[in-house]
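Novice:
Chains as they are written, first to last, in the numbering used here: chain A, 51 to 165; chain B, 20 to 134.
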């Protein structure tokens, strides 16, 4: 499985944007970049995913480098409820490759929001 | 609301007993389910892949006789921790693939404490 590297922890002030980086220098052409987050004592929650183009949804934005070796999850206006561990994961073929749904979780980034 | 439900969310048992944890997909058919365990402050570790109607595929180092997985229907997979010991105390999380869309959903997790 292609590996991802994330900072162990980050802090951000409430109501400010947060940029969570992820390095994936060994990404292959068919790997989709997925982001999940996990709140304390809960299962992971899907945040966003993309392949090459930047993506936006109601939760966040995903900026993907042109060479795809890194990506950044952007929370536009952090709230206290965004405090969680954020995981950047590569999944071959994205959602629709039924032969490769297995996800390998790295250590993730623990995001602390300062009121 | 949750589309993948785990039960029980918390369970405490005596050493030597067996505990069953259920993972249900609530409004989709899950051809594949995954079981993870997570220790405090650590990332998720994949234990096994469960396919409906066939034997589970276990990750290296996971004892299949210790962690029995049954995926008897397209909406239910169970994990039974047999002869539980205190070191089996952990947070167990399942995930399920929607067989139609390929989307991946996680359960809320089940916290097992073995006394």
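Using N, Cα and C, we set each Cβ at its ideal position, and we do this for glycine too.
Exposed or buried, residue 129/B, counting other C-beta atoms within 10 Å across all chains shown (16 or more means buried)?
Specialist: Locating residue 129/B in the second chain gives position 110, where the first residue counts as 1. Buried.
Novice: Pairs of beta-carbons, one from the segment 97-112 of chain B and one from the segment 71-79 of chain A, closer than 8 Å: are there three or more?
Specialist: no
Novice: Please compile the residues from chain A whose C-beta is within a distance smaller than 8 Å of the C-beta of residue 40/B.
Specialist: Along the second chain, one-based indexing puts residue 40/B at 21. Result: empty, since nearest Cβ-Cβ is about 12 Å, beyond 8 Å.
Novice: Using the C-alpha atoms, what's the distance from residue 104/A back to residue 114/A?
Specialist: Looking up residue 114/A in the first chain gives position 64. Looking up residue 104/A in the first chain gives position 54. Straight-line Cα distance between these residues: approximately 6 Å.
Novice: So what does DSSP say about residue 131/A, is it helix, strand or coil?
Specialist: Position 81 of the first chain holds residue 131/A. Residue 131/A: helix per DSSP, three-state reduction.
Novice: Let me know the secondary structure DSSP gives residue 71/A once reduced to three states.
Specialist: Taking the first chain and counting its residues from 1, one reaches residue 71/A at position 21. Looking at residue 71/A - three-state DSSP - the assignment turns out to be strand.
Novice: Exposed or buried, which one is residue 79/B when buried takes at least 16 other CB atoms within 10 Å?
Specialist: Counting from 1 along the second chain, the entry for residue 79/B is found at position 60. Classification of residue 79/B: exposed, given that the 10 Å Cβ count is below 16.
Novice: Is the Cβ-Cβ distance between residue 96/A and residue 141/A less than 7 Å?
Specialist: Here residue 96/A corresponds to residue number 46 of the first chain, with the count starting at 1. Here residue 141/A corresponds to residue number 91 of the first chain, with the count starting at 1. The answer is no: Cβ separation not under 7 Å.
Novice: So residue 25/B packs on residue 40/B, CB below 8 Å; how close in whole Å?
Specialist: In the second chain, counting from the first residue as 1, residue 25/B sits at position 6. In the second chain, counting from the first residue as 1, residue 40/B sits at position 21. Indeed they touch by this definition, with Cβ atoms about 6 Å apart.
Novice: Among residues of its own chain, excluding the 5 on either side of residue 84/B, which ones have a beta-carbon nearer than 8 Å to its beta-carbon?
Specialist: For the purposes of this step, residue 84/B is taken as residue 65 along the second chain, with counting starting at 1. The answer, listed in chain order, is 101.
Novice: According to the neighbour-count rule (16 or more other Cβ atoms, all chains shown, within 10 Å of its Cβ), is residue 94/A buried or exposed?
Specialist: Taking the first residue of the first chain as position 1, residue 94/A is located at position 44. With 16 or more other Cβ atoms within 10 Å, it is buried.
Novice: Going by other Cβ atoms of all chains shown within 10 Å of its Cβ, with 16 needed for buried, is residue 46/B buried or exposed?
Specialist: Residue numbering aside, residue 46/B sits at position 27 when the second chain is read from its first letter. Looking at its Cβ environment, which holds fewer than 16 other Cβ atoms inside 10 Å, residue 46/B is exposed.
Novice: Check whether the segment 70-78 of chain B touches the segment 29-36 of chain B, counting contact only when three or more Cβ pairs, one atom from each stretch, lie closer than 8 Å.
Specialist: no
Novice: Which of helix, strand or coil does DSSP assign to residue 46/B?
Specialist: The residue given as residue 46/B occupies position 27 in the second chain. Coil at residue 46/B, not helix or strand.
Novice: Would you please verify whether the beta carbon of residue 159/A is less than 7 Å from any beta carbon of chain B?
Specialist: Residue mapping note: residue 159/A aligns to position 109 of the first chain, counting from 1. Not closer than 7 Å to any Cβ of chain B, the Cβ of residue 159/A fails to qualify, so no.
Novice: Can you list the residues of chain B that residue 91/A reaches, using a CB-CB cut of under 8 Å?
Specialist: In the first chain, counting from the first residue as 1, residue 91/A sits at position 41. 110, 128, 130, listed in chain order.
Novice: Starting from the Cα of residue 129/A, find the closest Cα among 120/A, 68/A, 159/A, 107/A and give me that residue.
Specialist: Taking the first residue of the first chain as position 1, residue 129/A is located at position 79. If we check each option's Cα against that of residue 129/A, 68/A comes out closest.
Novice: Can you tell me which of 122/B, 35/B, 22/B puts its alpha carbon nearest to the alpha carbon of residue 107/B?
Specialist: For the purposes of this step, residue 107/B is identified with residue 88 of the second chain, where counting begins at 1. Minimum Cα distance to residue 107/B is reached at 35/B.
Novice: Can you give me the C-alpha to C-alpha distance between residue 118/A and residue 102/A, rounded to a whole angstrom?
Specialist: Numbered from 1 along the first chain, position 68 holds the residue referred to as residue 118/A. Numbered from 1 along the first chain, position 52 holds the residue referred to as residue 102/A. For residue 118/A and residue 102/A, the distance between alpha carbons rounds to 7 Å.
Novice: Between residue 161/A and residue 136/A, is the Cβ-Cβ spacing less than 7 Å?
Specialist: Walking along the first chain from the start, residue 161/A turns up at place 111. Walking along the first chain from the start, residue 136/A turns up at place 86. Yes; because the gap between Cβ atoms is below 7 Å, this pair is in contact.
Novice: Excluding sequence positions up to five away, which residues of its chain have a Cβ less than 7 Å from the Cβ of residue 184/A?
Specialist: Nothing can be reported for residue 184/A, as the shown portion of chain A is limited to 51 through 165.
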